[in-house]
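K.L.:
My structure is below; once you've seen it, I'll send some questions.
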Amino acid sequence: MRWFVPALRCLLTTLPISAFPFYGAEVARVEAAGIKSTGLEIAASGNACVESYDFSKGQPLPAFTGHASSVGPMALADVDGDGDLDLFIGGQVIPGQYPLPADSLLFRQANGQWVLDEETTRLLRGVGLVNGAVWSDLDGDGFPELVLACEWGPIRVFQNQAGRLREVTGEVGLAGHTGRWTGVTTGDLDEDGRLDLIAGNWGINSHDQASPEQPLHLYFGDLAGSGNVDILEAEFDPVRGQYAPRHLRETLQAALPFLAERFPTHRAWSRATIVEVAGERRNFLRQLSVTTLASTVFFNRQGRFEARPLPVEAQLAPVFGVSVADLVVTQNATPTKLYRNVGARPGLRVRLQGPPSNPDGVGAVLRLRCGDRWGPARELHAGSGYWSQDSVTAVLGIRAAPRAVQVRWPGGKISEQPVGENTAEITVRYRAER
Ligand SMILES: [Ca+2]
Ligand SMILES: [Ca+2]
Ligand SMILES: [Ca+2]
695 MRWFVPALRC LLTTLPISAF PFYGAEVARV EAAGIKSTGL EIAASGNACV
745 ESYDFSKGQP LPAFTGHASS VGPMALADVD GDGDLDLFIG GQVIPGQYPL
795 PADSLLFRQA NGQWVLDEET TRLLRGVGLV NGAVWSDLDG DGFPELVLAC
845 EWGPIRVFQN QAGRLREVTG EVGLAGHTGR WTGVTTGDLD EDGRLDLIAG
895 NWGINSHDQA SPEQPLHLYF GDLAGSGNVD ILEAEFDPVR GQYAPRHLRE
945 TLQAALPFLA ERFPTHRAWS RATIVEVAGE RRNFLRQLSV TTLASTVFFN
995 RQGRFEARPL PVEAQLAPVF GVSVADLVVT QNATPTKLYR NVGARPGLRV
1045 RLQGPPSNPD GVGAVLRLRC GDRWGPAREL HAGSGYWSQD SVTAVLGIRA
1095 APRAVQVRWP GGKISEQPVG ENTAEITVRY RAER
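Printed below as a string of structure tokens:
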């Protein structure tokens, strides 16, 4: 079964994750020798492969090889700075084994063919339940970092060292911010030229609460001895200072019949801790924790990230799509919210004309100089969060007389183009000799 997700994107962002067995779609023009133009990759379930679609011929192209994890988000960028786009394929879940971590993949283009990057794919083995992925040049060296929104895990960051990835989640201060992250994108919210992270989470308007002092725990393991993964949701019992099962005795008993014998009364159940519920199977029990459920901005402070929760309106429901326009957040069953960056106003439309293998300039970082001051950095993404994708046309805010647009192309080349005072739209072309 396949879904043509883009046509349904507005609808799908309002639906819960459990409504669909998979998701993920990526639209970018991919033009290189041997690779068909104007491709659309579609994530599919079943054998968990990815297919591309040739719009010009109206037919599917050969599929990417599948793997055991169900495909989630995808993101395109020129990872190695050689001019063509490379494809990250996120593993969202291993069918039937939630919440065990899934594998993700990286394919690179080489001589017009997609080739599995085995070294990076090894690095991404068991990387987590990936709900969102974005390539973004967080350190400004021309090579995009890989940023992953992981459910029951952190926002993971892989630094890109001239095409080779290395995980720096701990070094940049993100390891402790575990959440049920639903999506991630980047944008320069404080206008310092460095790209900040904006990450969707489940919000704080539910019975689940989490903090570093009192994390939300999920216990899982083969409790019934059946070879399957059983899950125990837990909540903190402040009276006994321990974690207790959150569900009613009857509910859990249906899945774990031995509980009826061990806890014959509701009174006994009311005093049960998670460890007691697991009983002699406690050694099979594993635990995941989240320290925050707030959708959060992480400001980029030169190698470290500083967390700041989004306003309370963004916390009312789970966030399933994040896009920087100003900043658009789509939530489950609530209207899409637009957070206006009050420091800027809509202005100059900028379209890039990149090299033939990356015609839209995906991965380029744009800044507009007005008067003597550079405005916020804007990066062009192909894929990011959960069923959301940014436009390849950037609209850069104008607050004084515009002077010039600077473009940092994938690979690090920088070009600058003058802008007239009354210009509404310009195109910046990539020139190989720069
Ligand atoms: Ca490349
Ligand atoms: Ca970088
Ligand atoms: Ca910034």
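Under the working numbering, the first residue of the sequence shown is numbered 695, with each subsequent residue one higher. Note that the Cβ used here is the ideal one computed from N, Cα and C, for glycine as well.
Only counting the same chain, and skipping five residues up and downstream in sequence, which positions put a Cβ closer than 8 Å to that of D924?
P.N.:
Around D924: F914, G915, D916, L917, A918, A949, L950.
K.L.:
Can you tell me whether Q1009 is buried or exposed, with buried defined as 16 or more other CB within 10 angstroms of its CB?
P.N.:
Its Cβ being crowded by 16 or more others within 10 Å, Q1009 is buried.
K.L.:
Hey, G822 and G790: beta-carbon distance below 8 Å or not?
P.N.:
It is not a contact, given that the beta carbons lie outside the stated cut-off.
K.L.:
In or out: T1121 buried (at least 16 other Cβ within 10 Å) or exposed?
P.N.:
Counting Cβ neighbours within 10 Å, T1121 comes out exposed, since fewer than 16 surround it.
K.L.:
Please say whether V1086 and D1054 have beta carbons closer to each other than 8 Å?
P.N.:
Cβ distance < 8 Å, so D1054 and V1086 count as in contact.
K.L.:
From E1119 to Y792, what does the alpha carbon distance come to, in whole angstroms?
P.N.:
Spanning the two alpha carbons is a distance of roughly 47 Å.
K.L.:
Let me confirm a value: A972 is counted as buried when at least 16 other C-beta atoms fall within 10 Å, else exposed. Which label applies?
P.N.:
By the 10 Å Cβ count, A972 comes out buried.
K.L.:
What are the uninterrupted segments assigned as alpha helix (DSSP H) that are 4 or more residues long and contained completely in the region 914-995, given in chain order?
P.N.:
Here the runs fully enclosed are 943-949, 953-956, 960-964, 968-972.
K.L.:
Could you give the distance in angstroms between the alpha-carbon of V855 and the alpha-carbon of K1107?
P.N.:
Val is not the amino acid found at residue 855; the sequence shown has Gln there. Approximately 16 Å between the Cα atoms of the pair.
K.L.:
Does the region 820-834 come close enough to the region 800-807 to have 3 or more Cβ pairs within less than 8 Å?
P.N.:
The region 820-834, when compared against the region 800-807, does not touch it at the 8 Å Cβ threshold.
K.L.:
Going straight from the alpha carbon of L770 to that of T880, what length do you get?
P.N.:
Roughly 14 Å between the two C-alpha positions.
K.L.:
Considering only heavy atoms of ligand 1, does any lie closer than 7 Å to the CB of Q803?
P.N.:
Yes, the Cβ of Q803 comes within 7 Å of a heavy atom of ligand 1.
K.L.:
Let me make sure I understand the geometry here. Which of W896, Q981, G1057, R1002 has the alpha-carbon closest to that of D776?
P.N.:
When only C-alpha atoms are compared, the closest one is G1057.
K.L.:
Return yes when the Cβ of A966 is within less than 8 Å of the Cβ of F957, no when it is not.
P.N.:
Yes, these two residues count as a Cβ contact at 8 Å.
K.L.:
Using 8 Å as the threshold, is the C-beta distance between A904 and L912 below it?
P.N.:
No, they are not a contact pair.
K.L.:
Output yes or no for whether 8 Å exceeds the beta carbon distance between L868 and F992.
P.N.:
For L868 and F992, yes; Cβs fall inside 8 Å.
K.L.:
Any idea if L942 is buried or exposed, counting beta-carbon neighbours within 10 angstroms, 16 or more meaning buried?
P.N.:
Under this definition L942 is an exposed residue.
K.L.:
Check whether the Cβ of D831 lies closer than 7 Å to any heavy atom of ligand 1, and answer yes or no.
P.N.:
Every heavy atom of ligand 1 is 7 Å or more from the Cβ of D831, so no.
K.L.:
In or out: R874 buried (at least 16 other Cβ within 10 Å) or exposed?
P.N.:
Under this definition R874 is a buried residue.
K.L.:
Run the CB neighbour count on T1132, radius 10 Å, all protein chains shown included, and call it buried at 16 or more, exposed below.
P.N.:
Because the chain is modelled from 695 through 1128, residue 1132 falls outside the range shown and cannot be assessed.
K.L.:
Quick check on the DSSP output: the alpha helix (DSSP H) that includes T814 runs from which residue to which?
P.N.:
T814 -> alpha helix (DSSP H) spans 812-817.
K.L.:
Can you list, in chain order, the residues of its chain with a C-beta nearer than 8 Å to that of L889? Leave out the 5 residues immediately preceding and following it.
P.N.:
Hits under 8 Å: S830, D831, L832, T880, G881, D882, N994, V1059, A1071, E1073.
K.L.:
Using DSSP's beta-bridge definition, name the partner residues of T1121.
P.N.:
DSSP output for T1121 lists R1045 as bridge partner(s).
K.L.:
Could you pull the DSSP bridge partners for R874 from this structure?
P.N.:
In DSSP, R874 forms a bridge with E845.
K.L.:
Pull up the distance between the alpha-carbon of R1093 and that of V969, whole angstroms please.
P.N.:
One C-alpha to the other measures close to 59 Å.
K.L.:
Under a three-way DSSP split, which group does V1006 fall into?
P.N.:
Residue state, collapsed to three classes: helix.
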